[in-house]
Structures are given as structure tokens and as C-alpha cells.
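Data block below; observations after.
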Amino acid sequence: MSAGAAMTGLPINHSINRRTLLASTAAAVLVGLTPAHARFLSGEVPWAPGAATPPEPATPGGWLFFTPDEARAVEAIVERLIPADELSPSGKDAGCAVFIDRQLAGPYGAAERLYMKPPFATNAAPEFGPQSPLSPAQQYRAGLKALDAWCKANRSGKSFADLPPAERDTVLTAMEKGEAKFEGFGARPLFNLVLQNTMEGFFADPLYGGNRDMVGWKLIGFPGARYDYRDFIDHVTDPYPLPPVGLQGRAGWTPGR
Numbered sequence: 001m002s003a004g005a006a007m008t009g010l011p012i013n014h015s016i017n018r019r020t021l022l023a024s025t026a027a028a029v030l031v032g033l034t035p036a037h038a039r040f041l042s043g044e045v046p047w048a049p050g051a052a053t054p055p056e057p058a059t060p061g062g063w064l065f066f067t068p069d070e071a072r073a074v075e076a077i078v079e080r081l082i083p084a085d086e087l088s089p090s091g092k093d094a095g096c097a098v099f100i101d102r103q104l105a106g107p108y109g110a111a112e113r114l115y116m117k118p119p120f121a122t123n124a125a126p127e128f129g130p131q132s133p134l135s136p137a138q139q140y141r142a143g144l145k146a147l148d149a150w151c152k153a154n155r156s157g158k159s160f161a162d163l164p165p166a167e168r169d170t171v172l173t174a175m176e177k178g179e180a181k182f183e184g185f186g187a188r189p190l191f192n193l194v195l196q197n198t199m200e201g202f203f204a205d206p207l208y209g210g211n212r213d214m215v216g217w218k219l220i221g222f223p224g225a226r227y228d229y230r231d232f233i234d235h236v237t238d239p240y241p242l243p244p245v246g247l248q249g250r251a252g253w254t255p256g257r
């Protein structure tokens, strides 16, 4: 007799297998968890929308993180990473620098959701994430300082923002290829960081300060946060005919705006 049978005084059933035991146990648990009093909800829900981690709209106004000189440099960079053409405005006019500034002033800039403990691998695969003891805010601060020093030493004393567009492109190409040698922070890591954040700002919800007037979404035909797409599910090859919608809706939906 097994110890369990001896303790309960139940007869042994040798035909019970593991699957039967697990199934009966699960059924017993579900029965035990059945609420004693059901509730019927009508006309409202018992929770507040966005109560967990609601997005915080970017505040209008001046710079929250960048100094004036840093802001000029970042605006000059994003303007060349996404230059204006017949399809869309530039990264600067789309608000990419504002997006980056607001992100650096918040949890992203402080690396609040990143693992920041050593050791840091020098040649880690991308899936291992950022390998730096510096938070994104610290990387920008050190990188923009290094960019300014390098430009002044190699471009007749001019800062990056003071260079003509063609020369800015030359500097950015040297950064991308790792040919520009910065002191204090790598040229290529800075280029990759700003490029990544610029793309995020160009296509993120306008709530966060970039993608002004939803220019990025209009460029690629993305509908945004529209509630219902059922009328278009069977027409995936056709252009989407409606204007995009952000998390905060559209100005045309709000009376008096």
C-alpha cells in the first residue's frame, strides 16, 4: 500500500495513471476556484483606463534635457539623417529632436528599465542588448561633447551645427564608418544611437513629441491606433483610405479645436 493510501484509508486503484490523476486534480482546482457570487457589468468597467502604465504626453515648450548647444547639434543631425524631400519633412521638422529630448529626460534616459550591472562585453551579439556602463542620457552627453570637440579640431573651429549640409553628411558618414576618432566616446556608437532614436521619433505616436502631424505614418500608410479595421481586413493590397489616428485621437474629432 502506498503512503498516500495508507494515510487516507482509500483503496488502491492500480488503473489510475498520471494523466487521469492530473485531469481530476485540475477539475478539483477549477471547482474550488469558482466564485461564489457572479457579477454582471453593464454600462461601465470596474477599472480606470490606462491605470497601469499610461503614456505621458510630451510637454510642449523648451528643452528638458539638452543644453541649447546640444539641441542645435541633434537638430542638425536628425535633419540630415532624414532630409526633407517631396515625400515628407525633415527629421527636425517632424520633431525627432524633441522626441529624443523627452525620452532622455524620462525613464529611458536614466536606463530605469535596462540591466546596468557589469560585466560589459565588448563584442556581444545584438540580442544581449546595450553593453555600456553609461545610461542613454550619459551617452548622449558624452557623445555630443566628443562630436563638438572633433568638429572644432577638424573643421576650422566650427561646431557640427555650423557646417553646411554637405559637410555635415561627410562627418556623419565618417562617424558611421568609424573613421572619425572621438575622444571620450565612440563616433560610431553615437551615430548608431542617434540614428535609432531618430527612426523611433519619426514613427512613434505623436504623443511622445515626434512624428509631428503623423508625417511618418502618412508616409508609409500606417493607420495608427484606429479602433476598428474590420472593413479593411480583406483589402490588404489596397491603399488605406482613412487618415491615421494617434493615441490621443485626431484634432478634428474634438469640438472647438
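Going by our numbering, the first residue of the sequence shown is number 1, and it counts up by one from there.
In this text, a Cβ means the ideal position worked out from N, Cα and C, and glycines have one as well.
Please read these numbers as outputs of a predicted model, since none were measured by experiment.
Have a look at the DSSP bridge pairing and note the partners of residue i.
i           : result
residue 249 : 246
residue 224 : 245
With residue i and residue j assumed to form a contact (beta carbons below 8 Å), what rounded beta-carbon distance in angstroms separates them?
i           : j           : result
residue 206 : residue 214 : 6 Å
residue 116 : residue 89  : With 8 Å as the limit, residue 116 and residue 89 do not qualify as a contact, their Cβ atoms being about 36 Å apart.
residue 161 : residue 97  : That belief does not hold up - the Cβ atoms of residue 161 and residue 97 are roughly 11 Å apart, past 8 Å.
residue 102 : residue 209 : 5 Å
residue 183 : residue 146 : 6 Å
residue 258 : residue 148 : The chain is shown only over 1 to 257; residue 258 falls outside these bounds and no answer can be derived.
Does the Cβ of residue i have 16 or more other Cβ atoms within 10 Å, making it buried, or fewer, making it exposed?
i           : result
residue 79  : buried
residue 87  : exposed
residue 196 : exposed
residue 22  : Bear in mind that the predicted position of residue 22 carries a pLDDT of just 47, short of 50, making it unreliable; the figure below should be weighed with that in mind. Flag for residue 22 reads exposed.
residue 100 : buried
residue 30  : Annotation note: pLDDT 48 at residue 30 (below 50); position unreliable, no value reported.
residue 230 : exposed
residue 194 : buried
residue 112 : exposed
residue 153 : exposed
residue 187 : buried
residue 123 : exposed
residue 242 : exposed
Excluding the five sequence neighbours on either side, which residues of its own chain have a C-beta within less than 7 Å of the C-beta of residue i, listed in chain order?
i           : result
residue 130 : 114
residue 91  : 78, 79, 81, 82, 198 and 202
residue 165 : 80
residue 216 : 94, 202 and 203
residue 244 : 214, 217, 218, 222, 223 and 224
residue 76  : 160, 161 and 168
Given residue i, which residues of its chain have a CB within under 6 Å of its CB, disregarding the five upstream and five downstream residues?
i           : result
residue 57  : 207
residue 174 : 180
residue 105 : 64 and 65
residue 68  : none
residue 144 : 70 and 73
residue 110 : 135
residue 190 : 143
residue 185 : 142, 143 and 146
Identify, in the order they occur along the chain, each residue of the same chain with its Cβ nearer than 8 Å to the Cβ of residue i, setting aside the five sequence neighbours on each side.
i           : result
residue 219 : 87 and 88
residue 118 : 133
residue 128 : 121
Can a CB atom of chain D be found closer than 7 Å to the CB of residue i?
i           : result
residue 162 : In the displayed structure, chain D is absent; only one protein chain is listed.
Discussion item. To test your reading of the DSSP string, which unbroken beta strand (DSSP E) runs of 3 or more residues are found completely within the region 131-170?
Written reply: none
Discussion item. If we require 4 or more residues per run, which alpha helix (DSSP H) segments fall completely within the region 63-126?
Written reply: 68-81 and 96-104
Discussion item. Quick check on the DSSP output: what are the complete alpha helix (DSSP H) runs of length 4 or more inside the region 172-241, in order along the chain?
Written reply: 187-203 and 215-220
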